[in-house]
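Just so we're aligned: the sequence shown equals residues 1 to 245 in full-length UniProt numbering.
Think of the CB as a built atom: it goes at the ideal place given N, C-alpha and C, for glycine as much as any other residue.
Only a predicted model underlies this, so the values are computations on that prediction, with no experimental measurement involved.
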Amino acid sequence: MISWIFAGLPIALSSEETALLVEKRICELHEMPAEFCKYEPTEKDKELMEEFLKKVLEQQASALKKRKIEQLSQKIDIIVAGKKKNLINKGMSDANIDKDAMLEEEIKRIQDLDPDHTLVQLPQEMYRNIETSPVGLDVLRPNILEGDGAVKYSIFKDLWEKGYYVTSGSKFGCDYLIYPGDPVQFHASHMVRCVCNQENVFHPKSLVAFGRLSVAVNKYAVFAYRTQCARIAYQTLQWHDSMDS
């Protein structure tokens, strides 16, 4: 569980992201008590939840009705003009329409909010007081502290410290995707594959596949590895149909 120094929404993080946030003292790791994971809500808890959901429905229904009334009030002249036109077309040229009465009639037609259409309100704090225990990065062992995981984390950290936005690259057959800016606004520019063991032999087929894949998705193919001096190095795989051609 991630316990933020400031109040925030629940989120899911990778081991690399979690370790980086803890190392940079942006957040802390806390462990939930074992009995909490087995906790079953009591009847009182269920009643409180029902009351909360009912209150949320009433508040949203009231806000929605108020907004619809405001919209109707702004459009009532158009509605009245359309009604008069219909009556004139039917030969009732002397028909008189009460605007206020029509507004009341339109308001009565507003349907109640269906519970299935309410907005989902995400909790920003725990509804129960729970004693948690602070834990260190050892709980992530061996994900980012040993073997291949340690190499991948060092590469992830290096990319982040260089100012890149980094996400998982599993959908593209690599370890990480690199973005020049916010992933919401930019497409990934690089596909990074981590080389955890420099003694591994690269088969031509795998190199060709990675290179052609990078061309197909319009990204640069990059191999990242940790040198004997514990520094992170990068090697770009150039292809004859690269993005620069």
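For Ala-61, the enclosing alpha helix (DSSP H) has its first and last residue at 43-89. Scanning its chain for C-beta atoms nearer than 7 Å, with the 5 sequence neighbours on each side dropped, one finds no residue around Ala-12.
Remark: C-beta atoms of Met-191 and Ala-221 approach each other more closely than 8 Å.
The DSSP-derived three-state label of Ser-133 is strand. Within 10 angstroms of the beta-carbon of Lys-152 lie 16 or more other beta-carbons, which makes it buried. Scanning Tyr-165, Val-184 and Gln-185 for the CA closest to the CA of Leu-177 turns up Tyr-165.
For Arg-193, the secondary structure class from DSSP, reduced to helix, strand or coil, is strand. Gly-173 and His-203 have their C-alpha atoms roughly 16 Å apart. Within the same chain, Cβ atoms closer than 6 Å to the Cβ of Leu-237 are found at Gly-211 and Ala-221, the five residues on either side in sequence being excluded. Cβ atoms of Phe-223 and Val-195 come within 8 Å of each other, at about 5 Å. Distance from the CA of Asp-175 to the CA of Leu-207, rounded to the nearest whole angstrom, comes to 15 Å.
Setting aside the 5 residues that flank it on each side, Leu-119 is surrounded in the same chain by Gln-60, each with a C-beta closer than 7 Å to its C-beta; the list follows chain order. Going by beta carbons, Met-49 and Ile-130 fall outside the 8 Å limit. In terms of Cβ geometry, Leu-57 and Leu-113 form a close pair [threshold 8 Å].
Non-local C-beta neighbours of Gly-136 in its own chain, meaning closer than 6 Å and more than five positions away in sequence, are absent.
By the criterion of a C-beta distance shorter than 7 Å, Ser-154 is surrounded in its chain by Arg-226 and Ile-232, once the five residues flanking it on both sides are discounted.
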